[in-house]
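Colleague: This is the structure I have questions about; it appears just below.
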Amino acid sequence: MAGPLKISSTLECDVLIVGAGGAGLRVAAEVFARRPQSRVIAVTKVAHCQKSHTSTAQGGLSAVDPADSNDAPIYHMFDTWKGSDCSADQNVIQKIVEAGWEQVVWLENHGMHFSRDEKGRFAKRTFGGHTVRFGQGPAHRAVFEADRSGKGITDTGWGEALRGGADFLNQAVVTELILHQGRCLGAVLFLQKSGEFVRVAAQATVLCTGGSGQMFKVTTNCRQNTGDGLAVALKAGLPVMDPEAVQFHPTGIVGPGILASETLRTVGGILRNREGEPFMAGYAPKMREMAPRDLVARAIETEVRQGRGALNPDHGIEHVWLDLTHLPDSIHDQQIPEVTGFFKKFVNIDPKVDLCPVRPSVHYHMGGIPTNEHAEVCAGENTPIPGLYAVGECASASFQGFNRLGSNSLLELITMGQFAGERIAESLGGRPPELPAGDGQKTLEEFGGYLEASGDESVGKLRATLQETMTSQVGLFRNAEDMTSALQTLREISERSRRISLASRSLRLNQELLQRWELENLLMNSLALASAALERRESRGGHAREEYPQRSDEFNHHTLAWLE
Numbered sequence: 000m001a002g003p004l005k006i007s008s009t010l011e012c013d014v015l016i017v018g019a020g021g022a023g024l025r026v027a028a029e030v031f032a033r034r035p036q037s038r039v040i041a042v043t044k045v046a047h048c049q050k051s052h053t054s055t056a057q058g059g060l061s062a063v064d065p066a067d068s069n070d071a072p073i074y075h076m077f078d079t080w081k082g083s084d085c086s087a088d089q090n091v092i093q094k095i096v097e098a099g100w101e102q103v104v105w106l107e108n109h110g111m112h113f114s115r116d117e118k119g120r121f122a123k124r125t126f127g128g129h130t131v132r133f134g135q136g137p138a139h140r141a142v143f144e145a146d147r148s149g150k151g152i153t154d155t156g157w158g159e160a161l162r163g164g165a166d167f168l169n170q171a172v173v174t175e176l177i178l179h180q181g182r183c184l185g186a187v188l189f190l191q192k193s194g195e196f197v198r199v200a201a202q203a204t205v206l207c208t209g210g211s212g213q214m215f216k217v218t219t220n221c222r223q224n225t226g227d228g229l230a231v232a233l234k235a236g237l238p239v240m241d242p243e244a245v246q247f248h249p250t251g252i253v254g255p256g257i258l259a260s261e262t263l264r265t266v267g268g269i270l271r272n273r274e275g276e277p278f279m280a281g282y283a284p285k286m287r288e289m290a291p292r293d294l295v296a297r298a299i300e301t302e303v304r305q306g307r308g309a310l311n312p313d314h315g316i317e318h319v320w321l322d323l324t325h326l327p328d329s330i331h332d333q334q335i336p337e338v339t340g341f342f343k344k345f346v347n348i349d350p351k352v353d354l355c356p357v358r359p360s361v362h363y364h365m366g367g368i369p370t371n372e373h374a375e376v377c378a379g380e381n382t383p384i385p386g387l388y389a390v391g392e393c394a395s396a397s398f399q400g401f402n403r404l405g406s407n408s409l410l411e412l413i414t415m416g417q418f419a420g421e422r423i424a425e426s427l428g429g430r431p432p433e434l435p436a437g438d439g440q441k442t443l444e445e446f447g448g449y450l451e452a453s454g455d456e457s458v459g460k461l462r463a464t465l466q467e468t469m470t471s472q473v474g475l476f477r478n479a480e481d482m483t484s485a486l487q488t489l490r491e492i493s494e495r496s497r498r499i500s501l502a503s504r505s506l507r508l509n510q511e512l513l514q515r516w517e518l519e520n521l522l523m524n525s526l527a528l529a530s531a532a533l534e535r536r537e538s539r540g541g542h543a544r545e546e547y548p549q550r551s552d553e554f555n556h557h558t559l560a561w562l563e
C-alpha cells in the first residue's frame with residue numbers, strides 16, 4: 000500500500016443503481032422510459048451484468064393471465080399469503096399480483112422469448128403452493144423461457160438499460176451510504192480493477208445487491224452473494240427486517256448444492272427415500288411434491304433424520320432421490336435440458352436413467368432491507384428515507400413473508416423494479432446533491448484497517464468456520480442451545496478477524512482484500528440472523544424451532560434488527 004487511502008474522484012448522476020441484475024436493470028429501464036435524458040450509473044460486483052445471480056434463475060415467473068378463465072388474481076394473492084405462513088403484508092401482495100401480467104407483457108414486448116404451447120399461447124407450468132379456487136387444485140400460472148427464465152429477464156433488462164444510455168461500472172462494490180440530515184445523497188464505491196475509491200452523488204440510490212446465501216456452507220447462491228447491501232445498510236445505522244426468514248430449497252444437488260429447480264417436480268419428478276418409496280404423500284397428501292417449499296424441505300430432512308436417507312459415497316452426505324427416469328425424452332430435452340445437464344456435469348449421472356441425489360440447500364432470503372410498496376427504504380415504522388430505495392432479494396417489502404412460493408421471486412423483482420423506477424422518475428429534478436466534506440472516511444478507515452492488520456488468521460479458514468457454524472447450528476431445524484453456541488462462535492470469529500494479515504497490500508484486483516471485506520459483511524448478516532432466530536420462539540415458514548413446533552400469534556410481527 001503506497002501511502003494513505005483516499006477518495007480519488009466524485010461522480011454525479013441522477014440515479015445510482017447498485018446491483019445490475021434483474022431488479023436493477025428493470026429500475027433503469029423504467030427510469031429511462033419515463034425520463035429519457037436521465038443519467039444512470041449501474042454498478043455490478045461481477046465482470047458483467049449477465050453474470051448476475053438473476054441469470055441463474057430457472058423455473059419461471061408466476062402471473063395471472065386475464066385470458067385464463069380458471070385462474071384469478073385473488074387466488075394468487077391467497078396462495079402467496081398462505082404460503083408465507085400468514086406473515087406477508089397483504090397490501091404489498093395485492094399490488095404486486097395485480098401488476099404481474101402487465102410485466103409479463105412488458106418483457107415479451109421488449110424481447111423476452113417466452114416458451115409457447117402447440118397453439119402459440121404462453122406455455123405455463125405449476126409450482127408448489129400455487130392453486131386455483133383457494134386450494135382446490137394446482138394452478139398453471141408460471142410463464143417461462145425453457146429453464147433459463149432468469150437469463151431471459153436479465154438480457155431483456157440489459158438491452159433496455161443500454162438503449163437508455165446507462166453507464167456500467169463492472170467489478171465494483173458499494174462500501175458506504177452517504178446519509179445527511181435524514182436523506183441519502185449517494186454512496187461510496189470501491190472499483191476493484193483500478194483499486195480506487197469514488198464517491199457518487201445521486202438524486203436516487205437503489206440497492207439491488209441480491210442475497211446472502213454464502214453465510215451457509217451448502218447453498219444455491221453464487222459466490223458473490225455475501226449480503227453486501229444488507230451490511231452497508233446496517234453500517235449506516237439502518238435496520239434489516241426478518242433476517243431469520245431463510246428459505247432452504249428442497250432440492251439442492253448433493254455436493255455443490257446447486258439448484259435442481261422446482262421445475263423438475265412440476266413436470267412430474269418424484270421424491271423417493273433410500274428404499275425407493277415416494278414419501279411426500281405422508282407429509283402433504285393432497286399436494287405431495289408440489290407442496291410449498293418449506294414443507295417439502297422439512298419432509299426431506301425428516302426422512303434423512305429418521306434413517307431413510309441414502310449415503311452419497313463421494314461427499315459423505317445423506318440425501319433422498321429425485322426420480323425423473325419415467326419422464327419422456329421430450330420433457331428432458333425441451334423443458335429441462337439445462338437443469339438435468341447440471342446432474343451430468345457435477346455428479347456424473349444421467350437423469351434419464353439414474354436417480355438424482357438431492358437435499359435441502361440454502362436458497363433465498365425472505366428478509367432484507369425494509370421497504371414500503373414503492374421500494375422506498377424505511378427506517379423503523381414505515382418512515383421512508385428520501386433518496387434511498389431497495390429492490391430484489393436484498394430488500395423486503397414483505398411480499399414473501401416467511402416462505403417464498405416458487406416463481407414469486409422473479410415476479411417480485413420485475414414488479415418492484417417497475418414501482419421503484421416509477422417513483423424515482425417522479426422525484427427527479429435539478430442537479431445531483433452536494434456531498435458533505437469528509438464523507439467516505441469510514442470506508443477508508445475500514446479498508447485501511449484490513450491492509451494494516453497483522454496476525455496469523457486466514458480469511459478462508461474463518462469464512463469456512465462461519466459457514467459450517469451457520470449450517471450446523473442455524474440451519475433448517477433450529478434450537479436455542481445451538482443458536483446460542485453459534486452466536487458465541489460468531490463473536491469469536493469477529494475477534495479473530497482482526498488478526499488477519501493479507502498477503503498483498505495492493506488495492507488493484509486484490510481478491511483477498513475483497514474477501515476480507517466480504518467476511519465482515521457475512522459476519523454482520525450472520526449475527527443479525529442468529530440473534531433474530533433465537534428471539535423468535537415459534538415455527539413459521541422457513542423458520543423451524545424444535546422447541547416451538549407451532550406458529551404462535553404472539554410472534555405475528557416482523558423482526559427489526561440493528562447493528563450495536
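Counting from 0, one number per residue, gives the positions in the sequence shown under numbering that gives the first Met the number 0.
Glycine included, each C-beta is placed from N, C-alpha and C at the ideal position.
Bear in mind that the values here come from a model prediction, so they are computed numbers and not experimental data.
Are there three or more Cβ pairs, one per stretch, closer than 8 Å when the segment 400-416 is compared with the segment 241-253?
Modeller: Yes: the two stretches touch, three or more of their Cβ pairs being nearer than 8 Å.
Colleague: Looking at C-alpha atoms only, which residue of Glu467, Gly454, Gln333 is the closest neighbour of Asp574?
Modeller: Since the first and last residues shown for the chain are 0 and 563, residue 574 lies out of range.
Colleague: Taking the alpha carbon of Tyr363 as the reference point, which residue from Glu302, Ser453, Ile257, Ile348 has its own alpha carbon closest?
Modeller: If we check each option's Cα against that of Tyr363, Ile257 comes out closest.
Colleague: In this structure, how does DSSP classify Gln57 when only helix, strand and coil are distinguished?
Modeller: Correct three-state label for Gln57: coil.
Colleague: Between the Cα of Gln180 and those of Pro385, Leu450, Arg535, spot the shortest distance and give me the residue it belongs to.
Modeller: Ranking the options by Cα distance to Gln180, first place goes to Pro385.
Colleague: Short of 6 Å in beta carbon distance, which residues of its chain neighbour Ser551, apart from the five on each side in sequence? Order them along the chain.
Modeller: So the list reads Glu537, once near-sequence residues are dropped.
Colleague: According to DSSP, is Leu10 helix, strand or coil?
Modeller: In the structure shown, Leu10 sits in a strand (DSSP, three-state: E or B).
Colleague: Let's test the definition: count the other Cβ atoms within 10 Å of the Cβ of Gly454 and tell me whether it reaches 16, buried, or not, exposed.
Modeller: Its Cβ having fewer than 16 others within 10 Å, Gly454 is exposed.
Colleague: Taking the straight line between their C-alpha atoms, what separation do you get for Ser7 and Cys221?
Modeller: Approximately 30 Å between the Cα atoms of the pair.
Colleague: Please name the residue or residues paired with Pro565 in a DSSP beta bridge.
Modeller: Residue 565 lies beyond the stretch modelled for the chain, which goes from 0 to 563, so this question has no answer here.
Colleague: Helix, strand or coil, according to DSSP, for Phe446 in the structure here?
Modeller: Correct three-state label for Phe446: helix.
Colleague: Relative to the alpha-carbon of Arg504, which residue among Glu494, Arg515, Gly119 has its alpha-carbon at the smallest distance?
Modeller: Selected option, being the one with the closest Cα: Arg515.
Colleague: In this structure, does DSSP put His286 in helix, strand or coil?
Modeller: Per the sequence presented here, residue 286 reads as Met, with His not at that position. In the structure shown, Met286 sits in coil (DSSP, three-state: anything other than H, G, I, E or B).
Colleague: Between which residues of its own chain and Arg264 is the CB-CB distance below 6 Å, once the five residues before and five after are set aside?
Modeller: For Arg264, where only same-chain residues beyond five positions count, the Cβ hits under 6 Å are Glu288.
Colleague: Count Cβ pairs between the segment 165-185 and the segment 199-213 that sit closer than 8 Å; are there 3 or more?
Modeller: Touching, per the Cβ criterion.
Colleague: DSSP three-state call for Tyr547: helix, strand or coil?
Modeller: Residue state, collapsed to three classes: coil.
Colleague: Check for me: the beta strand (DSSP E) holding Glu317 runs from which residue to which?
Modeller: Note, Glu317: beta strand (DSSP E), 316-322.
Colleague: Quick check on Pro435: buried or exposed, where buried means 16 or more other Cβ atoms within 10 Å of its Cβ?
Modeller: Classification of Pro435: exposed, given that the 10 Å Cβ count is below 16.
Colleague: Please tell me whether Ser211 and Leu237 are closer than 8 Å, where the distance is taken between their beta carbons.
Modeller: Going by C-beta atoms, Ser211 is not nearer than 8 Å to Leu237.
Colleague: May I have the straight-line CA-CA distance separating Ala32 from Gly163, to the nearest angstrom?
Modeller: About 8 Å.
Colleague: Looking at Gly21 and Gly149, is the spacing between their C-beta atoms short of 8 Å?
Modeller: Taking 8 Å as the Cβ cut-off, Gly149 and Gly21 qualify as a contacting pair.
Colleague: For Phe554, name the three-state secondary structure that DSSP assigns.
Modeller: Looking at Phe554 - three-state DSSP - the assignment turns out to be helix.
Colleague: I'd like the list of long-range same chain contacts for His109, defined as Cβ closer than 8 Å, with 5 residues on each side in sequence excluded.
Modeller: Closer than 8 Å at Cβ, skipping near neighbours: Ala28, Thr155, Gly158, Glu159.
Colleague: At a threshold of 7 Å, does Ser457 count as lining the ligand NAP (C-beta to nearest heavy atom)?
Modeller: No copy of the ligand NAP appears in this structure; indeed no ligand is present at all.
Colleague: Grouping DSSP H, G and I as helix and E and B as strand, with all else coil, what is Met214?
Modeller: Correct three-state label for Met214: helix.
Colleague: State the start and end residues of the unbroken alpha helix (DSSP H) segment that holds Leu513.
Modeller: Start and end: 510-534.
Colleague: Quick check on Val390: does DSSP put it in helix, strand or coil?
Modeller: Correct three-state label for Val390: coil.
Colleague: DSSP on Arg147, reduced to helix/strand/coil?
Modeller: DSSP places Arg147 in coil when its eight states are reduced to three.
Colleague: Mapping the DSSP letters down to three states, classify His364 as helix, strand or coil.
Modeller: Correct three-state label for His364: strand.
Colleague: Is the Cβ-Cβ distance between Gly59 and Val131 less than 8 Å?
Modeller: Not a contact, by the Cβ cut-off of 8 Å.
Colleague: So the alpha helix (DSSP H) Thr468 belongs to, where does it begin and stop?
Modeller: Start and end: 458-472.
Colleague: Taking Leu410 and Ile95 to be in contact with their CB atoms under 8 Å, please state how far apart those CB atoms are, rounded to whole angstroms.
Modeller: Right, their Cβ atoms sit about 6 Å apart.
Colleague: Looking at C-alpha atoms only, which residue of Gln89, Trp320, Val42, Ala479 is the closest neighbour of Pro72?
Modeller: It is Gln89 whose Cα lies nearest to the Cα of Pro72.
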